[in-house]
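One structure is given below, encoded as structure tokens.
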Amino acid sequence: MKASPKHSGPKPKRQGLIRPGGRSERTRHAVTTATLELIKSGNLDFDIQEVARLAGVHRTTIHRRWPDRAALVAAALVEHNSRIDNLEFSGNWRTDIRRTAFALRDFLAEPIEMAMNSLLAMPNNEELRCQAILHWRPFMRRFEQPINDAQARGDIGPQADATMLVAMMVSTITASITFGKTVPDDAFIERLVAQIINACLSSAADSDPSVTPG
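See the structure below:
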């Protein structure tokens with residue numbers, strides 16, 4: 000008796016892969032969006048059930064990937080900060096400082112970012128503050144890149160403190176939006192950029208008397 004011929008059907012799909020646009024990605028986006036909405040509303044004491052309800056998923060689905068609120072906040076911050084993660088530099092440090100300043104203005108003026116910065120300015124938000132600082136540090140280092148690269152080429156003197164200059168840029172824009180309740184216009188950003196560039200050129204002159212700012 001002949002054995003029945005084996006039918007070669009389609010190979011089973013590999014499990015555990017997150018495909019762009021797949022169910023896992025849709026779930027992640029729904030959960031992080033729901034978490035950001037809760038943060039935006041000022042609700043920092045949310046539980047996983049609230050996130051599940053807003054995201055339209057079962058709470059066990061959330062528990063498997065985000066076991067607690069801290070994990071949800073971390074995932075939400077990654078999703079949120081990705082909006083400024085596509086900043087590209089040209090290699091011209093003046094142009095790149097300007098590009099950074101305008102990108103920061105647009106990002107910091109987003110409603111969720113405005114709400115988050117207002118919450119960070121309030122006491123008793125230590126968990127959110129620590130998470131926000133942790134996830135923001137790599138971006139600050141990236142914003143410093145044009146100045147650091149220019150220093151490596153010798154275009155800017157070593158006295159220019161990239162960390163301090165970028166912190167001044169971020170804090171000036173943030174203060175205007177968060178405390179002044181005013182989104183800086185283009186003219187304001189151009190003036191801010193000019194001050195940062197002048198500070199860089201002044202440091203070049205200080206390090207080499209033969210260099211004339213301008």
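Position one of the sequence shown corresponds to residue 0 (numbering that gives the first Met the number 0), numbered consecutively onward.
All C-beta atoms in this analysis are idealised placements derived from N, C-alpha and C, irrespective of residue type, glycine included.
Would you check if the distance between the CB atom of F88 and the CB atom of Q144 is smaller than 8 Å? Your numbering for residue 88 matches position 89 in the sequence shown. Your numbering for residue 144 matches position 145 in the sequence shown. In contact: F88 and Q144 (Cβ atoms closer than 8 Å).
Residues of its chain near R93, where Cβ-Cβ distance is below 6 Å and the 5 sequence neighbours each way are ignored: Along the sequence shown, one-based indexing puts residue 93 at 94. If we look at R93 and ignore the five residues flanking it on each side, its Cβ neighbours are I196.
Can you look up Q158 in the DSSP assignment and give me helix, strand or coil? Locating residue 158 in the sequence shown gives position 159, counting from the first residue. Three-state DSSP puts Q158 in coil, outside helix and strand.
Who are the Cβ neighbours of A69 in its own chain at under 8 Å, not counting the five residues just before and after it? Residue mapping note: residue 69 aligns to position 70 of the sequence shown, counting from 1. E126 and Q130, listed in sequence order.
Give the DSSP-derived three-state secondary structure of P208 in the structure shown. Counting from 1 along the sequence shown, the entry for residue 208 is found at position 209. Because the pLDDT of P208 is 49, which lies under 50, any placement of that residue in the model is unreliable, and the number read from its coordinates should be weighed accordingly. In the structure shown, P208 sits in coil (DSSP, three-state: anything other than H, G, I, E or B).
Over what stretch of residues does the alpha helix (DSSP H) that includes V77 continue unbroken? The count along the sequence shown starts at 1 and reaches residue 77 at position 78. Element bounds for V77: R68 to N80.
Run through DSSP, which three-state label would N95 get? Position 96 of the sequence shown, counting from 1, holds the residue named residue 95. One point to set straight first is that residue 95 is Asp, not Asn, in the sequence displayed. It is helical.
Need the endpoints of the alpha helix (DSSP H) that P183 sits in, please. One-based indexing of the sequence shown puts residue 183 at position 184. Per DSSP, P183 belongs to no alpha helix (DSSP H) and is neither H nor E.
Is DSSP giving P122 helix, strand or coil here? In the sequence shown, the residue the question calls residue 122 occupies position 123. Three-state DSSP puts P122 in coil, outside helix and strand.
Tell me the rounded alpha-carbon separation between H134 and D154. By 1-based counting over the sequence shown, the position of residue 134 is 135. By 1-based counting over the sequence shown, the position of residue 154 is 155. Going by the C-alpha atoms only, they are around 30 Å apart.
The alpha helix (DSSP H) with E109 in it runs from where to where? For this step, residue 109 is matched to residue 110 along the sequence shown. Looking at the DSSP string, E109 is not in any alpha helix (DSSP H), and its letter there is neither H nor E.
Which residue wins for smallest C-alpha separation from I61, given the options A149, R82 and T26? On the sequence shown, position 62 is the one that residue 61 refers to. With distances taken between Cα atoms, I61 lies closest to T26.
Can you tell me where the alpha helix (DSSP H) holding I38 begins and where it ends? Numbered from 1 along the sequence shown, position 39 holds the residue referred to as residue 38. I38 -> alpha helix (DSSP H) spans R22 to K39.
Taking H62 as part of the alpha helix (DSSP H), name the residues at either end of that continuous run. Taking the sequence shown and counting its residues from 1, one reaches residue 62 at position 63. It spans R58 to R64 - the alpha helix (DSSP H) in which H62 sits, taken as one unbroken run.
If contact is defined by three or more beta carbon pairs under 8 Å, each pair taking one atom from either stretch, is the region 176 to 186 in contact with the region 106 to 113? yes
Just to confirm my understanding: we take L35, look at its own chain, exclude 5 residues before and 5 after, and list those with CB closer than 8 Å. What are they? Numbered from 1 along the sequence shown, position 36 holds the residue referred to as residue 35. Cβ neighbours of L35 beyond the five flanking positions: A75, E78, H79 and I111.
I believe L103 touches V169 by the beta-carbon criterion, under 8 Å. Please report the beta-carbon distance rounded to the nearest angstrom. To locate residue 103, count along the sequence shown from 1; it is residue 104. To locate residue 169, count along the sequence shown from 1; it is residue 170. At roughly 6 Å, the Cβ-Cβ gap stays under 8 Å, so L103 and V169 are in contact.
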